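These notes concern the structure reproduced below.
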Amino acid sequence: MTAISGIRLQSRLAALARFGGLPGGGVTRPAWSPQHEEARAWLLAEMRGAGLEAWVDTAGNVFGALGARAFDATHPAVLTGSHIDTVPEGGSLDGALGVLAGLECLQTVHAAGAPHRRPLAVAAWSDEEGRYGSLFGSRAFCGTLDVPRIPEMAAVDGERLVDAMQRAGFEARRAPEARVPPGSVAAYVELHIEQGPRLDEARIPIGVVDAIVGVRRSRVVFSGQADHAGTTPMDRRRDAFLAAADFALKTREHVVSRGSSRSVTNFGVVYVHPGASNIVPRRAELVHEMRDPDPNVLERLAGECAALAQDVARQHQITVEVRPMSATKPVPCAPRVQKTIEEACGALGLASQRLYSAAGHDAQNLALITEAGMIFIPSKGGRSHRVDEASDPAAIERGTNVLLHTLLALAR
Ligand code: GLV
Ligand code: MN
Ligand code: MN
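If you're matching positions, the sequence shown starts at 4 in my numbering and goes up one per residue.
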């Protein structure tokens, strides 16, 4: 049976981790940053060295292909991929694994001369982590970018997408040109670390993803009154940060008690203005994120949390504004792709388990234009979005062989 080279894959994972690598381990490689652009150039060279056609589209997505250079409906491609951008202080596998495993599979097919009727391609989707807008590259490819919003898209620190892309040599207004014709992708399958503890704890080598959560993000801005932090009596303060903190605690309680068993919420960004120890905060901004695999639960919770923000603001005698930032829809994975992954596991003698993905992935955009699915491998201790994210080399090799045989079956 054709098999990938685990050693070659590990050496590429180590090489990619050096772009944006942190002294104590881990990686910071945000989309469009100089580190990301160096990684992109390295990836293109690796793809070409492996015998693939390689190119970059107007949205900054990198592709490597065997068989056909473009996506066109007369020769629909079987596509795999993931992303090479990372969160700040992230790990070396989130995204990188899916891209380099895809490259490894295509190189293996090429070298072995394994038959495939359909073209095979691997993608590195731009800005999956959503520094400027979540799943940006795959949205552009699938035609679901909110085009009028492109000029105003910005990171939470205010840096505009237009400027970040320009710095990297891209024109944001041309990103929508990355859209491919309907019918040009026959199927999509993405290999990813699970990023949670389920497979690791159950000691199951392969997860077959049956659905992917939706993620909603909004900016919640509380506005109170700046005052002298020493002289203003405590009962006369209109402290925006205290309201924001109260809202964060009440939101957690609400989502845990009124959401589904799968609902989660997070406040990962907090800004306090003017931001001095001797000034009562005039404004506090939070980025609020919520996830659930059920779109109705997510919609209901979003409405309830917006109402909760108003209640909290009233109690603190200040005002609040809730500005939606992004919303991805939960999607089911294609039954045919799930079955093909399970058959590949069967042929390789590997146990598998169906599970939903609690993280967002580019596959959820691809699911809108083709039959899409995902393969998960265990994450040690369920750790991810942290510098010590890890999976066993043997687990990586197993998952990549499952990807290889899934791709070959879909391309047959
Ligand atoms: C992707 O990493 C996510 O935030 O789910
Ligand atoms: Mn991630
Ligand atoms: Mn990822």
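Don't be surprised by glycine CBs; every beta carbon is placed ideally from N, CA and C. Because the structure is a prediction, the values reported are computed rather than measured.
- Each residue's CA atom was taken as its position, placing G363 and E204 some 21 Å apart.
- When C-alpha distances from S264 are compared across I196, D295, L55, L245, the shortest belongs to D295.
- When DSSP reads this structure, D295 sits in a beta bridge with G217.
- A190 has its alpha-carbon roughly 58 Å from the corresponding atom of R240.
- It is roughly 6 Å from the alpha-carbon of I7 to the alpha-carbon of N404.
- With a cut-off of 7 Å, the C-beta of H364 is classified as near ligand 3, since at least one heavy atom of the ligand falls inside that distance.
- For V159, the Cβ stays outside the 7 Å cut-off from all heavy atoms of ligand 1.
- With contacts defined as CB atoms closer than 8 Å, S85 and E193 qualify as a contacting pair.
- The residues L19, F22, G23, R32, I87, in chain order, have a CB closer than 8 Å to that of A42 in the same chain once the five nearest residues on each side in sequence are set aside.
- One alpha carbon belongs to A171, the other to A34, and they sit about 9 Å apart.
- Shown here, T83 sits in a strand according to DSSP, grouped into three states.
- Its chain contains V192, E193, L194, H195, I209, G210, V211, V212, I344, G402, V405, L406, T409 as the residues whose beta carbon lies nearer than 8 Å to that of I378, once the 5 sequence neighbours on both sides are disregarded; these appear in chain order.
- Under the three-state reduction of DSSP, M4 is assigned to coil, being neither helix nor strand.
- Under the Cβ criterion (8 Å, minimum of three pairs), the segment 355-372 counts as touching the segment 328-343.
- With 5 Å as the limit, the residues whose C-beta approaches any heavy atom of ligand 3 more closely are D97, G98, in sequence along the chain.
- For G93, DSSP records a beta bridge to V30.
- Inclusion of P335 and A214 in the CB contact set at 8 Å is warranted, their separation being smaller than that value.
- Rounded to whole angstroms, the separation of the alpha carbons of T83 and T373 is 12 Å.
- Across the structure, A305 and A57 are spaced so that their CA atoms are roughly 41 Å apart.
- Relative to ligand 2, the beta carbon of H408 is positioned no closer than 7 Å to any heavy atom.
- Residue pairing of A375 in beta bridges, as defined by DSSP: Y191.
- About 6 Å separates the beta carbon of V283 from that of A229, a gap short enough to meet the 8 Å contact definition.
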